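Structure, as C-alpha cells:
In this note's numbering, the protein residues as written are 98 to 435.
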C-alpha cells in the first residue's frame, strides 16, 4: 500500500461529502424501489437471466455503500479497495448483461448478436479480474482511496466499447423496423436505447477522459468512480423496471378489444392480460406469428400469443378466431426483451 501525497484538507472533505451525497442518492433510489423489488422476489423459480442481473446490480450497489462507509479509517485499505473494486465491476457486468439481453431480444437471438454479446461479457470479466488483482490503495488523511488508475484503464475502455456497441446493435435492429418502432413496446425500446446510449457516453466517457488526462488526486478519483458506477446502476435498473411496468400496466387497465383489432393475450403467473395488437402492429402489415412467444420483460417471463380472429377481437390466442390474418409481410418474433 502506497502513501499518496496529501491534498488540502478542504479537498478531502469536499470529495468525502460528494461521495456520501452520491451514496445517499442511491440509498434513496434503493428504498423507493423496494416495493417493486419485493414483487419481483415473489416470482416463482426459475427466474429469467434478466431478473438475476437486475437484482445483482441493485444489491451490488447497496453493498458498495456499506463497504465505502465502513471502509473509512480501515486498517487494511488494500482489502477494502479490492472488495469495492469487485462490487464496482459487479455493477458494470450486470448492467452490461441487461443491455446484452435486450439487444439479443431485438434481433430475435440472432447467433451473431448472441456471440458478440457473449464475447463482450467474457472480455469484461477478464478485464475486471485483472483490475482487481492489480489494484492499489492509498491512505489519504485517514481515508482509504484507489491508488494508481492505470490498471483500470483497459477495463474502462472495454466497458465503454462493450456498452456502446451493444446499444448500437439494438438501435440498428429497431431502426430496421422503422415502420413500427413508433408503436407501443418498440417505441419504448427505442427511447430507452437512446437514453442508455447518452448515459454511457456521459458516464463511461467522462471517467475514461479523466483517468487518461485528468491527474486528479486519489480521493477525487475514488468519488468519480463511485459516481460512475452508481449512475450505471440507477440507469440500467430503472430501464428494466420501466420496461416490465409497460406490460404490468395492463393488469390494472384492461383494454377494450371491440374495435376489431386482434388482441394479444399475455399469459403470466398473474391472471391473463389482453393487449391490443396495435401496440405492436400497425397498418403496414407487420404481424406477430401466432406461435407462443417468450417475453422476458426485464423481470419475469411472459408468454404472448395472438388471436387471429378477423373482426370480433374475441380470440384467445389459440388460433380459434374465424379467419387468419392474411398478407403479413414480416414476422416479429419477440423472445427476450430485457
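Even for Gly, the Cβ is constructed at its ideal location relative to N, Cα and C. Note that this is a predicted model, so its numbers are computed, not measured.
- Each of 158, 143 and 114 was checked against the Cα of residue 333, and the nearest Cα belongs to 158.
- Pairing residue 295 with residue 199 gives a Cβ-Cβ distance that is not under 8 angstroms.
- Note that the region 140 to 148 does not touch the region 172 to 184; fewer than 3 beta-carbon pairs, one per stretch, sit closer than 8 angstroms.
- Contact between residue 117 and residue 327 does not hold, since the beta-carbon distance rounds to 12 angstroms and is not under 8 angstroms.
- In the DSSP assignment, residue 251 falls within the alpha helix (DSSP H) that extends over 250 to 272.
- Of all alpha-carbon atoms in 338, 195, 250 and 317, the one lying nearest the alpha-carbon of residue 111 is that of 317.
- Between the alpha carbons of residue 234 and residue 323 lies a gap of roughly 15 angstroms.
- In the three-state reduction of the DSSP assignment, residue 201 falls in the helix class, which pools H, G and I.
- 8 angstroms or more divides the Cβ of residue 338 from the Cβ of residue 201.
- Residue 151 and residue 226 have their C-alpha atoms roughly 21 angstroms apart.
- Where residue 213 is concerned, the enclosing alpha helix (DSSP H) starts and stops at 208 to 230.
- Our two residues, residue 208 and residue 329, have alpha carbons roughly 27 angstroms apart in a direct line.
- The DSSP-derived three-state label of residue 152 is helix.
- If you ignore the 5 residues before and after residue 220, its C-beta comes within less than 8 angstroms of the C-beta of 255 and 259, all in its own chain and listed in chain order.
- The continuous alpha helix (DSSP H) containing residue 132 extends over residues 131 to 138.
- In the structure shown, residue 125 falls within a helical segment according to DSSP collapsed to helix, strand and coil.
- For residue 190 and residue 197, the gap between their C-alpha atoms comes out near 10 angstroms.
- Per DSSP, reduced to three states, the secondary structure at residue 159 is helical.
- Only exposed fits residue 269, as fewer than 16 other CB atoms lie within 10 angstroms of its CB.
- Here residue 325 is actually not in contact with residue 115; their C-beta atoms are around 13 angstroms apart, not less than 8 angstroms.
- Here residue 249 has 228 as same chain residues with Cβ atoms under 6 angstroms from its own Cβ, once five neighbours each way along the sequence are excluded.
- Its Cα nearest to that of residue 149, the residue 187 stands out among 187, 181, 164 and 180.
- Linking residue 210 to residue 204 through their CA atoms gives a straight-line distance of about 7 angstroms.
- CA-CA distance, residue 193 to residue 218, rounds to 7 angstroms.
- Counting only residues of its own chain and dropping the five nearest sequence neighbours on each side, residue 160 has a CB closer than 8 angstroms to the CB of 184.
- When 136, 166, 213 and 128 are compared, the shortest CA-CA separation from residue 156 is found for 128.
- With respect to residue 182, residue 232 sits close: the two C-beta atoms are nearer than 8 angstroms.
- Put simply, the backbone Cα of residue 180 is about 11 angstroms away from that of residue 163.
- Contact check for residue 216 against residue 165 fails: the beta carbons are separated by 8 angstroms or more.
- Relative to the Cα of residue 262, the nearest Cα in the group 241, 251 and 214 belongs to 214.
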